[in-house]
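Colleague: Below you'll find the structure I mean.
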Amino acid sequence: MTTYARHLSAPASRATLSRTGYVFLSVLFIVVFEGAIRKWVTSSATLPLILLRDLLAVYLVFHVWKRGYFRRQRNFTLILFAWSCCVAMWGLLQALVNDTSPLILLIGLRFWLLYIWFGYAVACAMTESDFRTATLTGCVLLLVMAPLAVLQYYSPPGARINVEVDNAEGEVFTAVLGVVRTTGTFSFTSGYTTFLALAAPLVLAITAARKRSLRSTVFAAMAFVLLIVGSIVSGARSAVIFTGLSVAIYLLGRLVFSRGADKGKALAGTIVMLLAVVAALMFFGAAVDTTSQRFDQAAEAENFWERVLTIFIGEPGIYDAFTWLGVGIGQGSNLAGFVRSGAATFSLGETEAGRTLMEGGLIGYLFSALKVLVLAVGGLKSLRIAMRSGILFPLILWLSLTLGLLTWPGIGQLTANALLGILIAFAMASLKYPNVEFFVRKPSRR
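See the structure below:
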């Protein structure tokens, strides 16, 4: 798949990937396919695969530091280093006061810091060729993932494609009776919905890019249609809502920020994309009905806006149980649950906001504040790029990162944690290469 992505973008000079690009893509592939190995081959591969990608992440951070790339962003590097020291010292204090295991502390440092450093290191060292190839590779992965999700959707819950190899009971999550919540190559539903949120801005970027061949046009069109289809059959409200909002913001942004003659092209492109969305909705009408039932069932069980508020600020009970020191970083992660009891379950809070406060105490509040500050700075920079040049890719990426940092279980769930680091890399690199051409013209032969 990487070869195909590079073939789509490679110029005459055949620019190769840097070491950063190869390691980044290796981590991306492991994250996307480790669930498939765990689900359809053997669950015993879980820890070796996690260890492999963590070692690759550590290696890349060390490589970028050794090569001096961090010095190009000295101020941000110093802030991130200071934050890392604060987290480490606070975690050590928690371990001493609460008498918790050093292994849990190590797990906490991994969840709170490793993939933030990984994403930042990638963004510092990534070349334009790396960025182009990584974006196209993400879209190619969607071309594999969405058809698989469609097959899962139309297969019965007990079908081999929907059941883990070690699941003797054959239990799976369902959207409605008899219809599974699709997982793609991931072992759990949240992995697939998180991947869709990562893929959405990448797909919209190549949709907006200048096409130089029929191959490029077909590739971009397929990616856009399959993004819509993959969201429709996901059975996840969050996937449907976020994909819909991303497409709406993209189309509106093209109309608002385009200039002169480009407004006509933007309007024509908007009409074509809306027709594609309508066609997908009509063709997969049964999946639309299933999603509608999911929304109706959820509306009967909970207030939608209260649910949204809870996702962003945490459960009300969290604030009653909050302590200034916190129970310990890493305590709420599924990996810590596995170490303690052999079951990969969350022990603290359902939401990322609640888990952050319960684990970190006062430093949890600081972590939340730093997230908002970084998102505000990056969001404003991406908005200025959109207003100045009409390029929406960075803006859509930073909107996706806002969702990721504030709502994904980044400090609690292994897949979300890694995908968040990957999204950080894409978002920061987009500010570095806002004018990247994804489909580079090949030179004429003489």
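Sequential numbering of the sequence shown, starting at 693, is according to the working numbering.
From the three backbone atoms N, C-alpha and C, an ideal C-beta is built for every residue, glycine too.
Bear in mind that the values here come from a model prediction, so they are computed numbers and not experimental data.
(1) Give the DSSP-derived three-state secondary structure of A978 in the structure shown.
(2) Looking at the unbroken beta strand (DSSP E) that takes in V868, where does it start and where does it end?
(3) Could you tell me the distance, in whole angstroms, from the CA atom of F810 to the CA atom of S926?
(4) From the DSSP output, in three-state form, read off S710 for me.
(5) So I1010 packs on L1049, CB below 8 Å; how close in whole Å?
(6) Taking just the CA atoms, how far does P893 sit from L1123?
(7) Would you list the residues sitting across from V871 in a DSSP beta bridge?
(8) Can you list, in chain order, the residues of its chain with a C-beta nearer than 8 Å to that of F987? Leave out the 5 residues immediately preceding and following it.
(9) Using 8 Å as the threshold, is the C-beta distance between T877 and G727 below it?
(10) Let me know if V743 comes out buried or exposed under the rule of 16 or more other beta-carbons within 10 Å of its beta-carbon.
(11) Flag this pair as yes or no: are the beta carbons of G677 and E1051 separated by less than 8 Å?
(12) Hey, out of M837, R764, T819 and G783, whose CA is closest to F721's CA?
(13) Pair every Cβ in the region 730-742 with every Cβ in the region 821-837, then say whether three or more of these pairs are closer than 8 Å.
(14) Alpha carbon to alpha carbon, how far is I771 from G1070? Give it in angstroms, no decimals.
(15) Can you tell me whether DSSP reads D791 as helix, strand or coil?
(16) Can you look up V855 in the DSSP assignment and give me helix, strand or coil?
(17) What residue from F1030, A1068, D1012 and L1072 has the CA that sits closest to G1053's CA?
Modeller: The structure says:
(1) helix
(2) T866 to V868
(3) 29 Å
(4) coil
(5) 6 Å
(6) 14 Å
(7) V868
(8) R929
(9) yes
(10) For the record, residue 743 in the displayed sequence is Leu; it is not Val. So L743 counts as exposed.
(11) Only positions 693 to 1138 of the chain appear in this structure, which leaves residue 677 out of reach.
(12) M837
(13) no
(14) 15 Å
(15) coil
(16) coil
(17) D1012
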